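Trainee: Protein chains in written order, with this note's numbering: chain A, 44 to 72; chain B, 78 to 289.
Cβ atoms here follow ideal geometry from the backbone N, Cα and C, with glycine treated the same way.
Predicted model, so just to flag it, every value in this text is computed and none were measured.
The structure under discussion is supplied below as structure tokens; questions concerning it will follow.
Structure below.
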């Protein structure tokens, strides 16, 4: 419903940040 | 100092402890979750374990589990997961509109692995005292360590069976004064006092090592 508890918001922010890091770490070779 | 009371409700501190727990481990843990107990002085109200914080590290050898990536089911499931991730990302981006900004499309359009999905849906779960692996660990005040596909699949706990369905091979729940620390891995990891001691040290609470 668009109303996330603050702990989930923080956890999701970190999850997405880490996911982006993992994506950019993938070797192009 | 170790003897001080840990600021359990400080999420930064929780996150650091969860990261320290598995980033420095010899074993390859995919994630760590702190299930926080609803603290109440009313003994008539049963305590419930809900999402406190989590750290998702990822799998070491995820490429070897991509055999079915061309099946129609896989494609449909990936579409569903990416749609949910886009929606969640929109929520988060809205939250931080005045600050750090969006994480970008590349973080949501890549394959969403089974363990990532299991971690994400964990955020929606909660456990009454005695229910599920975390609730059982809390209720018994004893760590629960389940290793192997068969043991997970044969568990009475829905969460263990769910974990197995998403490719996890090891799941551990270690109780604390204010909740339960859970770790999961796609590898076979066997019980060690080393991990118990790390949790005991990092989360600063007492567990009965004799009951392990």
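What did DSSP end up calling residue 67 of chain A once you bin it into helix, strand or coil?
Mentor: The answer is helix: DSSP assigns residue 67 of chain A an H, G or I state.
Trainee: State the Cα-Cα distance for the pair residue 267 of chain B and residue 164 of chain B, rounded to the nearest angstrom.
Mentor: Going from the Cα of residue 267 of chain B to the Cα of residue 164 of chain B covers about 37 Å.
Trainee: Please compile the residues from chain A whose C-beta is within a distance smaller than 8 Å of the C-beta of residue 101 of chain B.
Mentor: Going along chain A, no residue has its Cβ under 8 Å from residue 101 of chain B, so there is no contact; the nearest lies around 17 Å.
Trainee: If I follow the unbroken alpha helix (DSSP H) through residue 194 of chain B, where does it start and stop?
Mentor: Residues 191 to 199.
Trainee: Which residues in the same chain as residue 209 of chain B place their Cβ atom closer than 6 Å to its Cβ, once the five residues preceding and following it in sequence are excluded?
Mentor: Hits under 6 Å: 234, 236.
Trainee: Thinking C-beta only, is residue 263 of chain B closer than 7 Å to residue 242 of chain B?
Mentor: Not a contact, by the Cβ cut-off of 7 Å.
Trainee: Going along chain A in order, which residues have a C-beta closer than 9 Å to the C-beta of residue 166 of chain B?
Mentor: Per Cβ cutoff of 9 Å: 55, 59.
Trainee: At 9 Å on the CB atoms, spell out the chain A contacts of residue 261 of chain B, in chain order.
Mentor: Simply none; closest approach about 15 Å.
Trainee: Who are residue 249 of chain B's beta bridge partners in DSSP?
Mentor: In DSSP, residue 249 of chain B forms a bridge with B:222, B:260.
Trainee: With distances taken Cα to Cα, identify the nearest neighbour of residue 190 of chain B among B:275, B:221, B:136, B:260.
Mentor: The shortest Cα separation from residue 190 of chain B among B:275, B:221, B:136, B:260 belongs to B:136.
Trainee: With a cut-off of 8 Å on the beta carbons, I'd call residue 110 of chain B and residue 167 of chain B a contact; round off their distance for me.
Mentor: The pair is not a contact, with the Cβ atoms about 24 Å apart (cut-off 8 Å).
Trainee: CB residue 158 of chain B to CB residue 194 of chain B, shorter than 7 Å?
Mentor: Yes.
Trainee: Please look up how many angstroms separate the CB atoms of residue 123 of chain B and residue 255 of chain B, rounded, as I've assumed it's under 8 Å.
Mentor: At roughly 16 Å, the Cβ-Cβ gap does not stay under 8 Å, so residue 123 of chain B and residue 255 of chain B are not in contact.
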